[in-house]
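S.K.: Below are the structure tokens for one structure; questions will follow.
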Amino acid sequence: MFDRFHKYASPPYFHAFARRLSPWLFGLSAVLFVVGLVGGLVLAPADYQQGDSFRIIYIHVPSAWLSMFVYMVMASAGAVGLIWKVKMGDIIARACAPLGASFTFLALATGSLWGKPMWGTWWVWDARLTSELILLFLYLGYLALQSAIEDRRAAARAGAVLAIVGVVNIPIIHYSVEWWSTLHQGPTVTKFDTPSIATSMLIPLLAMTLAFKTLFAAVLLVRTRCEILEFEQHTTWVRELTLGAESR
Amino acid sequence: MSAAAAGGSALGAARAVFARDLTRAWRRRSEILQPLVFFAITVYLFPLAIGPSEQTLRVLLPSICWVAVLLSMSLTLPEVFAADHADGSLELLALSPQPLALLALMKAGAHWLTSAAPLLVLGGLLCALFGLDAVTLRALLLGLLLGSPVLSLIGALASALTVGLRGGTLLLALITLPMYIPVLIFGTSAARNAALGLPVEAEMFLLSGLSVLALTLTPWATAAALRARLG
Chain H
1 MFDRFHKYAS PPYFHAFARR LSPWLFGLSA VLFVVGLVGG LVLAPADYQQ
51 GDSFRIIYIH VPSAWLSMFV YMVMASAGAV GLIWKVKMGD IIARACAPLG
101 ASFTFLALAT GSLWGKPMWG TWWVWDARLT SELILLFLYL GYLALQSAIE
151 DRRAAARAGA VLAIVGVVNI PIIHYSVEWW STLHQGPTVT KFDTPSIATS
201 MLIPLLAMTL AFKTLFAAVL LVRTRCEILE FEQHTTWVRE LTLGAESR
Chain A
1 MSAAAAGGSA LGAARAVFAR DLTRAWRRRS EILQPLVFFA ITVYLFPLAI
51 GPSEQTLRVL LPSICWVAVL LSMSLTLPEV FAADHADGSL ELLALSPQPL
101 ALLALMKAGA HWLTSAAPLL VLGGLLCALF GLDAVTLRAL LLGLLLGSPV
151 LSLIGALASA LTVGLRGGTL LLALITLPMY IPVLIFGTSA ARNAALGLPV
201 EAEMFLLSGL SVLALTLTPW ATAAALRARL G
């Protein structure tokens, strides 16, 4: 069964596969974005308390979910690279990190844009905000480590260890921060705990979530292709590929 | 060195690594003193920045002390593996038949003894000097005692990840400080509870739990990091 997956562990094969798949993913993502944005920004009714401001959740929630999802993808890919010495694992993990950091930043930025009119402040020391900020720092630490090590294989191995340690640490950090903020102040964010969400608001949210996921996958494949070419720049297949493209 | 006398056993190797690090630290005593001076300066900067109100200071002092400990510790972290990497003995350690995780644990232990333990003593002295009451002081010191092993163990891991890199100190702080947050939260909240006359057992148990977790997991991660860095 695994034989079918083994060939994707080969960089030339994955490069071709990514080149074929990513336009489809971009297209699917665009369709989902149109559905989600029209549904969320035009068709969905305004919230009875928050008015139109609630519509930022269509960006905020998908990017917050992705911020954690990408970290898991990065750590799993890193683990695959570290344990089974699969080069594609190293390459995918490296391609994930800037994307994850961007989604985390997007979640924080949209959150504080929403917080200004709703809570009257850009930032509250709420558990979720704080652990999201720490997640951003974990990403930045990973990126800094990656850029400090020049040799790509070595950088990938060290980064994989750091990402796996981060996965163990994230729940600990999350719960300690939650505990800390409940000690500090009462629940300021019960507004988040809306018992249910109207279907007309939920469907665009789901569409946007899928749109973000497919966009992530598509951009990841493009980034992976670049990383493969840089990783393998001294091999003959890359030289044939790039020189062939030049002569054409 | 006493490695030959200790024979080929893993415990003998561990003891030799531990003794070697302590000896080296003792021979470069000024390097132990520098973080202590840094710590004292950091703690003294806060009254100058906040103002001399004793009441405010007494409330903030445990937290200031904790943050200063984190910063001073993160400054000493490159020392865990940098010297061994520079003279090549780190590669010999990695090549030795003894479990590298055990040797990494010994190095983290030696780091704790030479950097965290002196900070504990100095922190206690400074806080007593500033007039912190005995109950809070006890909670602060117990929290530091139980939590600081985590700082050394995670620090050794990050030090292994960045060994031999330029600009390592800043990179190390960037990697370690986010991971120090749980210890900081539980340590400071223990001191705060003690100041309010509340029980501190919960925080102490959590700090001990974190220490045990770090003690059991990080040596392997450190060994993996060293193998990853040394190739």
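Just so you know, the protein sequences line up as chains H and A, in that order.
Residue numbers are given in our numbering: position 189 of the first sequence equals residue 189, and the series is strictly consecutive.
Residue numbers are given in our numbering: position 58 of the second sequence equals residue 58, and the series is strictly consecutive.
Beta carbons: idealized from backbone N, C-alpha and C, even for Gly.
1. Between alanine 95/H and alanine 163/H, is the Cβ-Cβ spacing less than 9 angstroms?
2. Going by DSSP, which residues form a beta bridge with aspartate 256/H?
3. Using a threshold of 9 angstroms, state whether the C-beta atoms of alanine 101/H and leucine 140/H are closer than that.
4. Please list the partners that serine 22/H has in chain A, where partner means a Cβ-to-Cβ separation under 8 angstroms.
5. Would you check if the distance between the CB atom of tyrosine 180/A and the CB atom of leucine 151/A is smaller than 9 angstroms?
6. Could you name each continuous beta strand (DSSP E) segment of 3 residues or more that falls completely within the stretch 116-159 of chain A, going from the start of the chain to the end?
7. Determine which residues of the stretch 162-183 of chain H have a Cβ less than 9 angstroms from any Cβ of chain C, and write them out in chain order.
8. Let me see if you follow: with CB-CB separation under 9 angstroms, is leucine 108/H close to chain A or not?
9. Using a Cβ-Cβ cut-off of 9 angstroms, state whether proline 97/A counts as contacting chain H.
10. Taking the alpha carbon of glutamate 230/H as the reference point, which residue from Ser176/H, Gly166/H, Ile92/H has its own alpha carbon closest?
11. Go ahead and label phenylalanine 205/A buried or exposed: buried means 16 or more other beta carbons lie within 10 angstroms of its beta carbon, across all protein chains shown.
12. Using 9 angstroms as the threshold, is the C-beta distance between threonine 222/A and leucine 105/A below it?
13. Using CA atoms only, rank isn't needed, just tell me which of Leu28/H, Phe105/H, Ala198/H, Trp237/H is closest to glutamate 132/H.
14. For the stretch 205-232 of chain H, enumerate the residues whose C-beta is nearer than 8 angstroms to any C-beta of chain A, in chain order.
15. For valine 80/A versus glycine 155/A, is the C-beta spacing smaller than 9 angstroms?
16. CA-CA distance, valine 212/A and leucine 144/A?
17. Take the Cβ of isoleucine 41/A as the centre, count every other Cβ of all protein chains shown within 10 Å, and call the residue buried at 16 or more, exposed below.
18. Starting from threonine 162/A, find everything on chain H with Cβ-Cβ shorter than 9 angstroms and list it in chain order.
19. Could you check what DSSP says for threonine 209/H in three-state terms: helix, strand or coil?
20. Is alanine 158/H helix, strand or coil when you go by DSSP?
21. Would you decide whether threonine 242/H is buried or exposed? Buried here means 16 or more other CB atoms lie within 10 Å of its CB.
22. Are the Cβ atoms of alanine 110/A and methionine 73/A separated by less than 9 angstroms?
23. Hey, leucine 221/H and isoleucine 57/H are a contact pair by Cβ (cut 8 angstroms); roughly how many whole angstroms apart?
24. If you drop the 5 nearest sequence neighbours on each side, which residues of the same chain put their C-beta closer than 8 angstroms to that of leucine 172/A?
25. Over what stretch of residues does the alpha helix (DSSP H) that includes isoleucine 92/H continue unbroken?
26. Is it right to say threonine 44/A is buried, meaning 16 or more other beta carbons lie within 10 angstroms of its own, or is it exposed?
27. So with CB distances below 7 angstroms, who are the chain H contacts of alanine 225/A?
28. Does the CB of proline 62/A have a neighbour CB from chain H at under 9 angstroms?
29. Do you know whose CA, among Gly147/A, Ala94/A, Leu170/A, lies nearest threonine 14/A's CA?
30. Taking C-beta pairs closer than 7 angstroms, name the residues in chain H that glycine 88/A reaches, listed in chain order.
31. Under a CB-based cut-off of 9 angstroms, is methionine 179/A close to chain H?
32. As a quick exercise: from Ile134/H, Trp122/H, Met118/H, pick the residue whose alpha carbon is nearest that of proline 171/H.
33. Do glycine 8/A and proline 99/A count as a contact pair if the criterion is CB distance below 9 angstroms?
34. Give me the subset of the stretch 118-134 of chain H whose CB atoms are less than 7 angstroms from a CB atom of chain A, sorted by chain position.
35. Quick one: grab the DSSP three-state call for alanine 198/H.
M.R.: On the basis of the supplied data:
1. Going by C-beta atoms, alanine 95/H is not nearer than 9 angstroms to alanine 163/H.
2. Nothing about residue 256/H can be reported from this structure: the residues present for chain H run from 1 to 248 only.
3. Yes.
4. Under the 8 angstroms cutoff, chain A gives no residues; its nearest Cβ is about 30 angstroms from serine 22/H.
5. For the 9 angstroms CB-CB criterion, tyrosine 180/A and leucine 151/A form a contact.
6. Fully contained in the stretch 116-159 of chain A is no beta strand (DSSP E) run of length 3 or more.
7. The chain labelled as chain C is not found among the protein chains of the depicted structure, namely H and A.
8. Put simply, the CB of leucine 108/H is far from chain A, with every gap to its CB atoms at 9 angstroms or more.
9. It does not: the Cβ of proline 97/A has no partner Cβ on chain H nearer than 9 angstroms.
10. Nearest of Ser176/H, Gly166/H, Ile92/H to glutamate 230/H, Cα basis: Ile92/H.
11. Classification of phenylalanine 205/A: exposed, given that the 10 Å Cβ count is below 16.
12. For threonine 222/A and leucine 105/A, yes; Cβs fall inside 9 angstroms.
13. Considering only alpha carbons, the answer is Phe105/H.
14. Correct list: empty, as no residue qualifies.
15. Cβ distance < 9 angstroms, so valine 80/A and glycine 155/A count as in contact.
16. One alpha carbon belongs to valine 212/A, the other to leucine 144/A, and they sit about 15 angstroms apart.
17. Counting the other Cβ atoms within 10 Å of the Cβ of isoleucine 41/A gives fewer than 16, which makes it exposed.
18. Here the neighbours are Leu145, Ala148, Ile149, Ala158.
19. Of the three classes helix, strand and coil, the one that applies to threonine 209/H here is helix, per DSSP.
20. Three-state DSSP puts alanine 158/H in a helix.
21. Exposed: under 16 other Cβ atoms inside 10 Å.
22. No, they are not a contact pair.
23. Not really, about 27 angstroms apart at Cβ, beyond 8 angstroms.
24. Contacts found: Ser74, Leu77, Pro78, Gly155, Ala158, Ser159, Thr162.
25. In the DSSP assignment, isoleucine 92/H falls within the alpha helix (DSSP H) that extends over 87-119.
26. Here the sequence assigns tyrosine to residue 44/A, which means threonine is not the residue at that position. In this structure tyrosine 44/A is exposed. Its beta-carbon is surrounded by fewer than 16 other beta-carbon atoms within 10 angstroms.
27. Ordered by position in chain H, the residues that pass the 7 angstroms Cβ test against alanine 225/A are Ala158, Val161.
28. Taking CB atoms only, proline 62/A has no neighbour in chain H less than 9 angstroms away.
29. At residue 14/A the sequence reads alanine, which differs from the threonine that was named. Comparing Cα-Cα distances from alanine 14/A to each of Gly147/A, Ala94/A, Leu170/A, the minimum goes to Ala94/A.
30. Result: empty, since nearest Cβ-Cβ is about 18 angstroms, beyond 7 angstroms.
31. At least one chain H Cβ lies under 9 angstroms of methionine 179/A.
32. For the options Ile134/H, Trp122/H, Met118/H, the alpha carbon positioned closest to that of proline 171/H is the one of Ile134/H.
33. In this structure, the beta-carbon distance from proline 99/A to glycine 8/A does not fall below 9 angstroms.
34. Contacts with chain A (Cβ-Cβ distance below 7 angstroms) from the stretch 118-134 of chain H involve Ile134, listed in chain order.
35. In the three-state reduction of the DSSP assignment, alanine 198/H falls in the coil class, being assigned neither a helical nor a strand state.
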